[in-house]
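Protein chains in written order, with our numbering: chain A, 10 to 210; chain B, 22 to 511.
Think of the CB as a built atom: it goes at the ideal place given N, C-alpha and C, for glycine as much as any other residue.
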Amino acid sequence: MFAAIISLALLGFALGYLLGVAAIHLRVKEPEIIQELEALLPGTNCGQCGFPGCPAGARALAEGTAPVTLCPPGGKPLAAALAAKLGVEADLSELDDGPAPVAQVIEALCIGCTRCFKVCPTDAIVGAPKQIHGVVSDACTGCKKCLGICPTMGIKLTRLQPNLATWQWPKPADANSQPESQQAVRDDDVEAARDMMEVAR
Amino acid sequence: MRLFGFRGGVHPEAAKHHTERRPIRRLPLPRRLYIPLQQHIGAPAKAEVAPGQHVESGQLLARSQGLISAPVHAPAAGRIVAIEEHPAPHPTGLPVSTVVIETDSEQPPATVPSTEDPFTLPPATIAERVGAAGIVGMGGATFPSAVKLMPNPKQPIHTLIINGSECEPYLTCDDRLMQERPEAIIDGIRLIRHALQARRAVLAIEDNKPAAFAAMAAAARQSEAVEVIRIPSRYPMGWEKQLVKTVTGHEIPHGQLPGGIGVCVHNVGTAYAIHRCLRTRQPLSSRIVTVAGGAVRHPQNLEVPIGARLEELIDFCGGLTEPPARLVMGGPMMGQVMPHLRVPIVKGSSGVLALSAHEVDDGPERPCIRCGRCVMACPAGLLPLEMGARMRHDDLDGAEALGVQDCIGCGCCSYVCPSKIPLVHYFNYAKGELQNRRQEKAKSEQTRQWAQARSERLAREAAEKAALRAERAASKAQQKRPPHPSKEPL
């Protein structure tokens with residue numbers, strides 16, 4: 010019996026050691042790109058991309074199973090940054106340019122149940138039991154986690170109106186990209202060329 | 022004195038003859054003044070008064086917030102009607118927090134000059150008083166002047182340059198001020214020089230203002246402390262970097278301020294305001310404004326209390342002769358288009374222009390013909406046509422690599438462009454997008470920190486709960502134990 014115990018124990022230790030060595034030397038390294046992508050993502054693990062948290066989203070991005078536009082709170086700038094990191098061309102025209110919408114408590118509906126600020130990944134909602142809650146819009150990423158949990162549907166997403174500090178010049182209206190004006194230029198050119206030809210004759 | 026000049030620049034039609042020979046007139050005190058709390062670069066001031074309160078002329082209305090900020094004072098005695106949102110003098114007319122004063126019909130007499138000699142004050146006290154008087158750069162940049170006067174042992178200032186170039190067309194407010202109040206300006210310059218402990222003080226005036234030059238030279242002769250020099254008229258001579266280059270020959274390095282090369286630049290209007298602040302203890306609550314443009318009946322310079330609305334200035338100048346094609350605050354090259362006349366004059370408003378249709382060259386934009394005139398005109402040494410083409414296709418990185426952040430927004434490129442491409446508009450758009458990008462980056466960094474802080478907090482709370490539970494369990498066990506000994510036989 011002792012022989013069996015000793016031999017099995019030895020076998021166990023030897024195999025365990027082998028496994029330990031293998032775990033160190035044969036480790037499959039996680040590609041660095043995943044960590045780099047994860048660093049770009051917001052890190053709030055809101056789950057809006059459909060993956061369980063930002064690390065999983067980063068992995069899916071690296072594998073190419075998710076588009077660079079996966080992260081709604083990140084918006085266009087994040088999509089552009091991810092596309093640059095992955096070296097892919099992305100169609101960002103469908104994403105809107107404006108500031109990301111933020112949550113707003115509808116005060117008439119808020120019952121002060123405190124559920125929303127328990128789920129907020131950035132602690133952007135403040136309040137106390139049976140008091141109307143408020144959103145610190147600077148900290149809100151617009152991840153919508155609070156929207157579903159509110160029992161009275163008392164939270165909505167709104168876009169902040171620009172003020173003097175945040176307003177920026179819009180892009181100038183591009184006259185040349187309008188097909189009509191381009192057509193007009195072309196017609197003028199054609200006519201001028203015709204005139205010149207006639208003069209030459 | 023040898024002058025050095027700068028590259029680029031343009032010679033727009035000066036159009037100063039409408040106003041340069043007419044004396045400054047005082048605008049009758051309006052019934053209501055609208056005084057915005059943000060009239061300067063930096064943090065907005067915080068209101069110190071409440072609606073219904075009566076304020077004296079020169080009383081503090083709002084305190085400065087932080088180092089780069091400026092307080093706001095009451096330009097006249099009156100009652101505060103409201104502190105509310107009003108349209109700002111900004112192209113969008115977006116609301117800004119504003120103190121509305123209903124002025125008293127009888128104003129108290131002007132303050133008596135202080136007998137104290139400000140030249141005996143230490144430099145830091147002068148900077149402090151200038152800051153408390155709410156003085157900001159009067160040339161239009163509205164940077165708090167006290168910050169530039171604060172003694173900085175790391176960057177001693179050897180040359181003080183006073184900017185009397187007034188290179189913007191139409192504007193003559195500095196010109197008239199120099200013609201009418203030269204002694205006060207010289208005194209202000211000497212005070213700034215004393216505060217900075219600068220070796221040299223140079224007042225540079227463009228050669229299209231001979232009357233102002235003569236007046237200032239005569240006033241400067243008495244003190245010998247200020248050199249008054251004539252510089253060639255070329256736009257944008259009045260821009261800090263170009264002026265420093267012209268006078269000293271040194272170029273301000275990328276991303277630095279004139280202080281980095283030991284030079285400090287102030288406007289003549291600022292020198293005048295500093296003189297008033299130190300000699301008569303008056304805060305900055307009025308300024309000289311040029312009212313001009315083809316649509317104004319009697320163009321002239323006015324001394325205006327801060328907070329008077331543009332319509333009152335225009336009315337005093339005889340009203341409009343035609344509906345203006347464009348309303349501008351500031352000069353026609355760098356000024357801001359105003360949405361309407363119901364916005365107030367602020368500390369940085371050097372002019373109000375109501376331009377008629379023939380003064381506005383507003384044709385349709387045509388394709389770039391790559392003539393390169395904008396490159397020749399750019400005083401910052403940039404390639405406007407290339408940057409504009411990149412921004413048209415939203416290639417922000419390309420535009421940034423070409424140095425769009427170094428654009429000073431002077432408008433020379435748009436002015437010379439034969440295809441009327443709104444180049445400066447493209448660059449403003451680019452600068453805004455770059456700013457947004459920086460903010461987004463800062464926000465995502467901040468979000469990550471918040472998310473991390475929250476997960477740490479949750480972990481800590483869970484650990485505390487577990488510890489509490491363990492403690493409770495232990496105390497329960499202890500409570501249960503006492504019956505145990507009682508079981509033992511006595």
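Contact between B/P96 and B/P326 holds: CB atoms are separated by about 4 Å, below the 8 Å threshold. Distance from the CA of B/G280 to the CA of B/P439, rounded to the nearest whole angstrom, comes to 38 Å. B/G155 sits away from B/I122, with the two beta carbons spaced by 8 Å or more. In the DSSP assignment, A/K127 is bridged to no other residue. Less than 8 Å divides the Cβ of B/R391 from the Cβ of B/L406. As for any beta strand (DSSP E) of minimum length 3 sitting wholly inside the stretch 148-185 of chain A, the runs are 164-167, ordered along the chain. Annotation for A/S16: the continuous alpha helix (DSSP H) segment containing it runs 11-34. By the rule that beta-carbons nearer than 8 Å mark a contact, A/Q177 touches chain B. Only residues of its own chain outside the window of five on either side were considered, and among them I250 have a CB closer than 6 Å to the CB of B/M22, listed in chain order.
For B/P345, no beta strand (DSSP E) encloses it, and the DSSP letter there is neither H nor E. According to the DSSP assignment, B/A83 belongs to no alpha helix (DSSP H) but to the beta strand (DSSP E) extending over 81-84.
Not one beta carbon of chain B lies nearer than 8 Å to the beta carbon of A/G66. In this structure, DSSP gives B/P92 a state outside helix and strand, which the three-state scheme calls coil.
Around the beta carbon of A/N172, fewer than 16 other beta carbons lie within 10 angstroms, which makes this residue exposed.
Under the Cβ distance rule, B/T468 counts among the residues neighbouring chain A, one pair being separated by less than 8 Å. Residue contact with chain B for A/A148: present (Cβ-Cβ distance below 8 Å to some residue of chain B). Comparing C-alpha distances from B/L181 to each of B/I206, B/E204, B/R220, B/L58 shows the shortest one belongs to B/R220. Within chain A, the residues whose beta carbon sits less than 8 Å from that of B/V117 are L173, listed in sequence order.
If you check the CB distance, A/L166 and A/K153 come in under 8 Å. Bridge pairing for B/V312: B/Q321, B/V373 [DSSP]. For A/P51, the residues of chain B that pass the 8 Å Cβ criterion are S465, T468, R469, A472, in the order they occur in the chain. Across the stretch 436-447 of chain B, CB contacts with chain A closer than 8 Å involve P443, H446, Y447, in sequence order along the chain. Boundaries around B/C194 are those of the alpha helix (DSSP H), 194-201, since no beta strand (DSSP E) includes it. Sixteen is the threshold: since fewer than 16 other Cβ atoms of the shown chains lie within 10 Å of the Cβ of A/L27, the residue is exposed.
Distance from A/L87 to A/L70 at the Cβ level is roughly 11 Å; contact not present, criterion being Cβ atoms closer than 8 Å. Residues of the stretch 50-61 of chain B with a C-beta atom less than 9 Å from some C-beta of chain A are Q59, listed in chain order. Contact annotation for B/R458 against chain A: P86 [CB-CB distance below 8 Å, chain order]. Apart from the 5 residues on each side of it in sequence, A/N54 sits with its Cβ closer than 7 Å to the Cβ of G62, C63, P130 in its chain, given in chain order. According to DSSP, B/C285 shares a beta bridge with B/L181.
Put simply, the backbone Cα of B/P108 is about 15 Å away from that of B/P65. Residue pairing by DSSP places B/K67 opposite B/R84 in a beta bridge. Between the C-alpha atoms of B/L331 and B/E466 there is a straight-line separation of about 43 Å. In chain order, P108, P360 place their CB closer than 6 Å to the CB of B/G114, counting only its own chain and leaving out the 5 sequence neighbours on each side. Inter-segment contact for the stretch 372-385 of chain B and the stretch 191-202 of chain B is present: three or more beta-carbon pairs are separated by less than 8 Å. Between B/C395 and B/L323, the beta carbon gap of about 36 Å keeps them out of contact (Cβ cut-off 8 Å). Contact note: B/R391 does not reach chain A at a C-beta cutoff of 7 Å; the least C-beta distance is about 14 Å.
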